[in-house]
Amino acid sequence: MTDTPETYTAKDEVGQVRARRTRWERTWIELKKAPLTAWFGMIVIACYVFVAVFAGWLAPYAEADSSFGAYLPWGDGHVFGTDQIGRDIFSRMIFGARNTMGIAFATTCLAFLIGGGFALMAAISRGWVDQVISRFVDVLMAIPSLIFALMLLSIFGSSIPSLIMIIAVLDSTRVFRLTRAVAMNVVVMEYVEAARLRGEGLGWIMRREILPNIMPPLVAEFGLRFSFVFLTIAALSFLGVGIQPPTADWGSMVRDNASLIQFAQYDLKAGITPLLPAAAIALLTVAVNFVVDWFLMKTSGLKE
Amino acid sequence: MSDDLLLHMKNIVIDGFSDERWHPIIKGIDLTLKRGEVLGLIGESGAGKSTLGLAAMGFGRPGIRLTSGEIWFDGKDLMTATEAERQSLRGSRIAYVAQSAAAAFNPAHRLIDQTIEASLSHGVKSAAEAAEDAKSLYAAMDLPDPENIGFRYPHQVSGGQLQRAMTAMAMSARPDLIVFDEPTTALDVTTQVNVLAAMREAVDRFNTAAIYITHDLAVVAQMADRIKVLRYGEEVEEAETQEMLSNPKHPYTKTLWAVRSIVKAAETSDDYVLQIDNVTAAYGTVPVLHNVSISVPRGKTIAVVGESGSGKSTTARVITGLLPPKEGQVLFNGEPLPPALKGRSKDQLQRIQMIYQMADTAMNPRHTVREMIGRPVEFYLGLKGRAVDKRVSELLNLIELDDSFLDRLAGELSGGQKQRICIARALAAEPEVIICDEVTSALDQVVQEGILRLLMRLQKDLGVTYIFITHDIATVQAISDEIVVMWMGKVVEQGIKDEIMQPPYPEYTELLLSSVPTMDVGWLKGAVAARKAMTIAAQTGEA
Numbered sequence: 000m001t002d003t004p005e006t007y008t009a010k011d012e013v014g015q016v017r018a019r020r021t022r023w024e025r026t027w028i029e030l031k032k033a034p035l036t037a038w039f040g041m042i043v044i045a046c047y048v049f050v051a052v053f054a055g056w057l058a059p060y061a062e063a064d065s066s067f068g069a070y071l072p073w074g075d076g077h078v079f080g081t082d083q084i085g086r087d088i089f090s091r092m093i094f095g096a097r098n099t100m101g102i103a104f105a106t107t108c109l110a111f112l113i114g115g116g117f118a119l120m121a122a123i124s125r126g127w128v129d130q131v132i133s134r135f136v137d138v139l140m141a142i143p144s145l146i147f148a149l150m151l152l153s154i155f156g157s158s159i160p161s162l163i164m165i166i167a168v169l170d171s172t173r174v175f176r177l178t179r180a181v182a183m184n185v186v187v188m189e190y191v192e193a194a195r196l197r198g199e200g201l202g203w204i205m206r207r208e209i210l211p212n213i214m215p216p217l218v219a220e221f222g223l224r225f226s227f228v229f230l231t232i233a234a235l236s237f238l239g240v241g242i243q244p245p246t247a248d249w250g251s252m253v254r255d256n257a258s259l260i261q262f263a264q265y266d267l268k269a270g271i272t273p274l275l276p277a278a279a280i281a282l283l284t285v286a287v288n289f290v291v292d293w294f295l296m297k298t299s300g301l302k303e
Numbered sequence: 000m001s002d003d004l005l006l007h008m009k010n011i012v013i014d015g016f017s018d019e020r021w022h023p024i025i026k027g028i029d030l031t032l033k034r035g036e037v038l039g040l041i042g043e044s045g046a047g048k049s050t051l052g053l054a055a056m057g058f059g060r061p062g063i064r065l066t067s068g069e070i071w072f073d074g075k076d077l078m079t080a081t082e083a084e085r086q087s088l089r090g091s092r093i094a095y096v097a098q099s100a101a102a103a104f105n106p107a108h109r110l111i112d113q114t115i116e117a118s119l120s121h122g123v124k125s126a127a128e129a130a131e132d133a134k135s136l137y138a139a140m141d142l143p144d145p146e147n148i149g150f151r152y153p154h155q156v157s158g159g160q161l162q163r164a165m166t167a168m169a170m171s172a173r174p175d176l177i178v179f180d181e182p183t184t185a186l187d188v189t190t191q192v193n194v195l196a197a198m199r200e201a202v203d204r205f206n207t208a209a210i211y212i213t214h215d216l217a218v219v220a221q222m223a224d225r226i227k228v229l230r231y232g233e234e235v236e237e238a239e240t241q242e243m244l245s246n247p248k249h250p251y252t253k254t255l256w257a258v259r260s261i262v263k264a265a266e267t268s269d270d271y272v273l274q275i276d277n278v279t280a281a282y283g284t285v286p287v288l289h290n291v292s293i294s295v296p297r298g299k300t301i302a303v304v305g306e307s308g309s310g311k312s313t314t315a316r317v318i319t320g321l322l323p324p325k326e327g328q329v330l331f332n333g334e335p336l337p338p339a340l341k342g343r344s345k346d347q348l349q350r351i352q353m354i355y356q357m358a359d360t361a362m363n364p365r366h367t368v369r370e371m372i373g374r375p376v377e378f379y380l381g382l383k384g385r386a387v388d389k390r391v392s393e394l395l396n397l398i399e400l401d402d403s404f405l406d407r408l409a410g411e412l413s414g415g416q417k418q419r420i421c422i423a424r425a426l427a428a429e430p431e432v433i434i435c436d437e438v439t440s441a442l443d444q445v446v447q448e449g450i451l452r453l454l455m456r457l458q459k460d461l462g463v464t465y466i467f468i469t470h471d472i473a474t475v476q477a478i479s480d481e482i483v484v485m486w487m488g489k490v491v492e493q494g495i496k497d498e499i500m501q502p503p504y505p506e507y508t509e510l511l512l513s514s515v516p517t518m519d520v521g522w523l524k525g526a527v528a529a530r531k532a533m534t535i536a537a538q539t540g541e542a
């Protein structure tokens, strides 16, 4: 029984396995191949994060310092002038990056925790558990989310925790749908069955068997979801039920100074002022989408 | 160049792109094919068979480039021809039959529309002519109800019928050359015979030349006039079929021939580790198993054979508790096992392990070998840290691999290595029974042999019991002690190997045994004649 043919040994089946590259080497190779748009996106995001983190040092004035004259013009100690009660707009833009992005990030994380968790549970358990959760999600999705958010915010009040909570729950429905769909493809694999036969619990199957295999679409979705949450918060703030003064926020800054736009014919710079926070929102959204596009193309092999 | 030479490939070099470099896949192969001749290409996976077959059509899959050489097809060099010229040949004068007919057909169109598509787009025939011709081709391919079967959709016919419809599709424009790429690999043995016979007949009737790619020697012996053996992108040997079978020259070819050299004397015992007692099971309301009773002797190998749909794998699901039976029970060491997975204790789960057919899907692509084998060690035996590593090393040695595999992912292993890791994962639990579900059928002959030897050695050393589910009679011959023949959810017979393999057989067993190709040039004709005589054939056909 030991006389296996000399041409065959199990070890030699894959002859030349190269030493595995480290994570950094692989990341670097991918980065080098990244298109220009992705680089643009990554640089913009990095700048935003930098500004958000070091807002306290970068801003020339405090967030809620209203000790200046109202509607001061550009220049002269105030790069973008001051707003209707005399706060430095440039400083508020910088603090706004921290507040709006921080809240959006927290909300997106929470949405993924809720939506992803329930989705994996539904995908693994199937049967009635899946039915109950999925139908509940259907009901939530059937109500227009902005109107629903307005209603809930007027019930619970516009504090930052309730803002995060409400938007997270409403957005988690989309995360749920996506996660459940991709997880369904993995759940039927035999390695999941093998884990079940081994007697593994729900937590292990969720975290160790399924999650690592569905990461790419989830990471891409995280980027997009972040953009949407960000826009929702800005929209709510613009409507006056989002982030409340004196906390600086891009959405409410657009609203507060919106009337300035009609003075564009007299002073172009004053007319542009309310558009600045809007442009900041737009730029970040575009940047995130560039990066997500590249990531999606890389992981799913989708061209165009 | 003589006139009846249809295809002449000279010194073909083909590169494939991976890891940002071009690697040679085909390293300078010559190939000639006369009109009406069938050439068999054999070799293990990765030998470059399919790549060479596609190159004969002047085609390279994405990530493949035809680097150098000449491909003369009927006086035209496909290497220098424009893409439009090649396009005009494909479908009309060269056709391709893929391995998976189910994946190659568009599910949204009727069979007949797809069958005549190539003829129409090349303007060979009018639609009405082509449709009439398609019906006669269906008849030639021995498809049931040739007048109407073309109006069905792909999901409404069986796998074997679909594969034959695909051959009809290739034949539609009466090409001079057809490339068959493992067309029967995905089929049951009993179905394979019919498809092979139909293909052979069609090729003979229309005097079509063919390149037949397979890794199954017995099949190629039926189809090919000449055989070419490939390995690592190089030609090993080429000869007439008869010559090649009787007198292989190269040592590698000899090992291919000598594969089924495992012999094992059947032993049995009355000490049953597992007893399946009168089990009836169903998926929803669809009954699958009817009063199945199987007794598994301790420390022996019991083979469960039958074609797909016979209930083999369902039996495994009942044993593991994935599918609780409607009636009956499973006794383990004399004690009844709880019917559902949830009711079983960790200890009971540990005692019965399972190895799957497709090691690819049975291994989590994001786990390293260390994690995969280490987890059951940790989970069942409660070992921690260094003790786990030590045990994993021992297990790797047991399956003839070493510690250099610890940090590899599934994608960095070959098919045989993957299956070995799966075996190690099952062994890690220190089970009494291992259910092997078609564990070798996705592997090459040589690798299969290695795995079977390993399993036998492990049984001798560790005394583990195997329930070996397979449709491959050769494997059964090699390793089993007892055999259970299943058909349509029932046990046809159970007994010691030597008794089952000796006549007289029950009808179904005979059909199954007679469907296994042998390495004998005239086998196909004999088998087809014998099957026609067999009344049972009508019922077991694939419809």
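The listed protein sequences derive, respectively, from chains A and B.
Take the first sequence: its letter number 90 is residue 89 in numbering that gives the first Met the number 0, and every next letter is one higher.
Take the second sequence: its letter number 188 is residue 187 in numbering that gives the first Met the number 0, and every next letter is one higher.
Don't be surprised by glycine CBs; every beta carbon is placed ideally from N, CA and C.
Being a predicted model, the structure only gives us computed values, none of them experimental.
Can you name, in chain order, every residue of its own chain whose Cβ lies under 6 Å from the Cβ of residue i, other than the five neighbours on each side?
i, result
"B:E239", "R225"
"B:A138", "P145"
"B:M8", "L30 and I70"
"B:V218", "P516"
"B:P174", "R92, I93 and A94"
Would you say residue i and residue j are within 8 Å of each other, going by their C-beta atoms?
i, j, result
"A:G40", "A:V218", "no"
"A:I113", "A:S66", "no"
"A:I260", "A:G270", "yes"
"B:T252", "B:P296", "no"
"A:P59", "A:D82", "no"
"B:T184", "B:G159", "no"
Tell me which same chain residues have a C-beta within less than 8 Å of the C-beta of residue i, skipping the five on either side of it?
i, result
"B:Q538", "Confidence is the limiting factor: at B:Q538 the pLDDT is only 48, short of 50, which leaves the residue's position unreliable and the question unanswerable from this model."
"B:N10", "G27, I28, D29, S67, G68 and E69"
"B:Q221", "L195, R199, P516, V520, W522 and L523"
"A:L230", "I280 and T284"
"A:P306", "The requested residue 306 of chain A does not occur in the structure, where chain A is confined to residues 0 to 303."
Mind pulling the chain A residues with CB within less than 7 Å of residue i?
i, result
"B:P364", "N212"
"B:F378", "R197"
"B:L426", "Under the 7 Å cutoff, chain A gives no residues; its nearest Cβ is about 13 Å from B:L426."
Mind checking if residue i is an interface residue toward chain B, Cβ cutoff 8 Å exclusive?
i, result
"A:Q130", "no"
"A:L196", "yes"
"A:A193", "yes"
"A:E62", "no"
If we define contact as Cβ-Cβ less than 8 Å, is residue i a contact residue for chain A?
i, result
"B:Y355", "yes"
"B:P375", "yes"
"B:T319", "yes"
"B:K345", "yes"
"B:L348", "yes"
"B:L340", "yes"
"B:M0", "With a pLDDT of only 43 at B:M0, under 50, the local geometry of the prediction cannot be trusted, and the value read off the model is given with reservation. No - not a single Cβ of chain A is within 8 Å of the one on B:M0."
Please list the partners that residue i has in chain B, where partner means a Cβ-to-Cβ separation under 7 Å.
i, result
"A:M188", "T360"
"A:E220", "Those do not exist, as A:E220 stays about 19 Å from chain B at its closest Cβ, beyond 7 Å."
"A:E208", "N363"
Taking 7 Å as the line, does the beta carbon of residue i fall inside it for any heavy atom of the ligand NAD?
i, result
"A:V218", "For the structure depicted, the ligand NAD is absent and the ligand set is empty, with no information on it obtainable."
Find the residues of chain A that neighbour residue i, judging by a C-beta separation of less than 9 Å, and give them in chain order.
i, result
"B:K227", "Ordered by position in chain A, no residue passes the 9 Å Cβ test against B:K227, which lies about 19 Å from the chain."
Output needed for residue i: all residues of its chain with C-beta closer than 7 Å, excluding positions within five of it in sequence on either side, in chain order.
i, result
"B:M140", "R163, T166, A167, A197 and A201"
"B:T469", "A302, V304, E437, S440 and V475"
Chain A partners of residue i, CB-CB under 8 Å?
i, result
"B:L382", "What B:L382 touches in chain A: nothing, since even the nearest Cβ is about 15 Å away."
"B:L461", "The contacting residues do not exist; B:L461 stays about 15 Å from chain A at best."
Quiz item: Are at least three pairs of beta-carbons, each pair with one atom in the segment 433-445 of chain B and one in the segment 348-367 of chain B, less than 8 Å apart?
Solution: With the cut-off at 8 Å, the segment 433-445 of chain B and the segment 348-367 of chain B touch.
Practice problem: Evaluate the contact criterion for the segment 114-128 of chain A versus the segment 181-190 of chain A: three or more CB pairs, one atom per stretch, below 8 Å. | Solution: A contact between stretches requires three or more CB pairs, one per stretch, nearer than 8 Å, and the segment 114-128 of chain A meets this requirement with the segment 181-190 of chain A.
Self-check item: Contact between the segment 275-292 of chain A and the segment 37-56 of chain A (3+ Cβ pairs under 8 Å)
Solution: In this structure the segment 275-292 of chain A touches the segment 37-56 of chain A; the number of beta carbon pairs closer than 8 Å is three or more.
Quiz item: Three or more beta-carbon pairs under 8 Å between the segment 92-104 of chain B and the segment 168-188 of chain B, yes or no?
Solution: Touching, yes.
Exercise. Assess, as a yes-or-no matter, whether the segment 160-179 of chain A is touched by the segment 224-239 of chain A under the definition of 3 or more beta carbon pairs within less than 8 Å.
Key: At 8 Å Cβ cutoff, the stretches touch.
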